[in-house]
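Respectively, the protein sequence lines represent chains A and B. Residues in the first sequence are numbered from 0 upward in steps of one, following numbering that gives the first Met the number 0. Residues in the second sequence are numbered from 0 upward in steps of one, following numbering that gives the first Met the number 0. Scroll down for the structure; my scribbles are underneath it.
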Amino acid sequence: MITLMVALGAAIGAPLRYFTDRFVQARHDSVFPWGTHAANATACLLLGFVSALTLPEWAWALLGTGLLGALSTYSTFGYETFRLLQSRARFLAFANVAASIAAGLGAAFIGAAVAGALGG
Amino acid sequence: MTRAGGAHAHEPDPETVRLPVDSDVDFHVPRQVRELREAPWAVPVAIALGGAIGAAARHGVDVLLPHAPGEFAMSTLLVNVSGCLLIGFLMVVVTDVLPGLRLLRPFCGVGVLGGYTTFSTYVVDVQHMLNAGEAGPALVYLGGTLVGAMAAVWAGISLAEGVFRRRITARRERDEEEVGR
Numbered sequence: 000m001i002t003l004m005v006a007l008g009a010a011i012g013a014p015l016r017y018f019t020d021r022f023v024q025a026r027h028d029s030v031f032p033w034g035t036h037a038a039n040a041t042a043c044l045l046l047g048f049v050s051a052l053t054l055p056e057w058a059w060a061l062l063g064t065g066l067l068g069a070l071s072t073y074s075t076f077g078y079e080t081f082r083l084l085q086s087r088a089r090f091l092a093f094a095n096v097a098a099s100i101a102a103g104l105g106a107a108f109i110g111a112a113v114a115g116a117l118g119g
Numbered sequence: 000m001t002r003a004g005g006a007h008a009h010e011p012d013p014e015t016v017r018l019p020v021d022s023d024v025d026f027h028v029p030r031q032v033r034e035l036r037e038a039p040w041a042v043p044v045a046i047a048l049g050g051a052i053g054a055a056a057r058h059g060v061d062v063l064l065p066h067a068p069g070e071f072a073m074s075t076l077l078v079n080v081s082g083c084l085l086i087g088f089l090m091v092v093v094t095d096v097l098p099g100l101r102l103l104r105p106f107c108g109v110g111v112l113g114g115y116t117t118f119s120t121y122v123v124d125v126q127h128m129l130n131a132g133e134a135g136p137a138l139v140y141l142g143g144t145l146v147g148a149m150a151a152v153w154a155g156i157s158l159a160e161g162v163f164r165r166r167i168t169a170r171r172e173r174d175e176e177e178v179g180r
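The structure is reproduced here in structure tokens:
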């Protein structure tokens, strides 16, 4: 039951990341991976919010583990960072790591603060 | 800045320039721009199915190696590093070994590995460790995942290039002949 909720959430989250990536890349021609960055930062904001709430186990599996887990990706982030390092775009590689972690952590804290303010 | 412009400026290694930068979808690869138009249902369905499988696997690792919020998240670290190993391997296969399989990258890369690995949980794990006053472990987790991920992507690419060396070389020579004609 819980695993099914995780799978269901991810079946929504993963295509959502793909479409976000396409949407962003269609508007920004850059080697900097803005699309993945946008999906990851958004997922961190929402996961910060959701993880500060007291949810039933099934809802956490669906939203937290499944949907927001799959909306974000570490394999793509890691691969992109490695490819930037490898194509001698070292500055972009370091910028990608710094921006992803800074934006992600900032977004997670904002999400948690909003949940707290709403009485979560 | 375009990829081609960067390539001229920095003379990248021709061995690695064939791989895209973004493994989910890279608009510098014309085929990946077209894939959604050519298969408007198959691509998202493959991603959704793969994502469901990958996230269920991540949940399985979580159940086997549980941790409370604020504790060192070994399960997330293992999932993210192993996912990076697999994406490195997969992208060589997609680019150089089985380029004809159009749903391989959407299903395995965007779907399975995208659903298996997670950046949001990684960040929220760090947040919970910081909230619990565990700044030291949080930094080790943050940096350890990153270093492990870089090594894992490198290992995955190298492994695939080693395993498929003959096929990759043959394919590149064929491509060069076609360009030369």
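Just so it is clear, CB atoms sit at the ideal spot from N, CA and C, and this is done for glycine as well.
With distances taken between CA atoms, Asn130 (chain B) lies nearest to A:Phe108 out of A:Val5, A:Ala114 and A:Phe108. Of all residues in the segment 39-52 of chain A, only Asn39, Ala42, Cys43, Leu45, Leu46, Gly47 and Ser50 come within less than 8 Å of chain B when Cβ atoms are compared, listed by chain position.
Not one beta carbon of chain B lies nearer than 7 Å to the beta carbon of Thr19 (chain A). From the beta-carbon of Ala154 (chain B), no residue of chain A is found nearer than 9 Å; the closest lies around 10 Å away.
In this structure, the beta-carbon distance from Gly87 (chain B) to Val152 (chain B) falls below 7 Å. Closest in C-alpha terms to Pro98 (chain B), from the list B:Glu175, B:Ser119 and B:Arg166, comes B:Arg166. The same chain holds no residue with a CB closer than 6 Å to that of Leu48 (chain B) once the five nearest residues on each side in sequence are set aside.
With a cut-off of 8 Å on Cβ pairs, the segment 38-50 of chain A is in contact with the segment 115-128 of chain B, counting three or more such pairs.
Our two residues, Thr35 (chain A) and Val139 (chain B), have alpha carbons roughly 24 Å apart in a direct line. Counting C-beta pairs with one atom in each stretch, the segment 68-88 of chain A and the segment 14-30 of chain B have three or more that are closer than 8 Å, which means they touch. Between Phe163 (chain B) and the set B:Val93, B:Arg101, B:His58 and B:Gly179, the nearest pair of CA atoms involves B:Val93. Relative to Ala45 (chain B), the option among B:His127, B:Arg101 and B:Ala169 whose CA is nearest is B:Arg101. A distance below 6 Å between beta-carbons, with the five flanking residues on each side excluded, links Pro32 (chain A) to the following residues of its chain, in chain order: Glu79. Below the 8 Å Cβ cutoff, chain B contributes Val20, Asp21 and Ser22 as neighbours of Glu79 (chain A), in chain order. By the beta-carbon neighbour count (other beta carbons within 10 angstroms, threshold 16), Thr53 (chain A) is exposed. The alpha-carbon of Gly50 (chain B) is positioned some 30 Å away from that of Ala88 (chain A).
With contact defined as three or more Cβ pairs closer than 8 Å, the segment 109-119 of chain A and the segment 65-73 of chain B are not in contact. By the neighbour-count definition (other C-beta atoms within 10 Å, threshold 16), His58 (chain B) is a buried residue. For the 7 Å CB-CB criterion, Met90 (chain B) and Leu18 (chain B) form a contact. For Pro32 (chain A), there is no enclosing alpha helix (DSSP H), as DSSP gives it neither H nor E.
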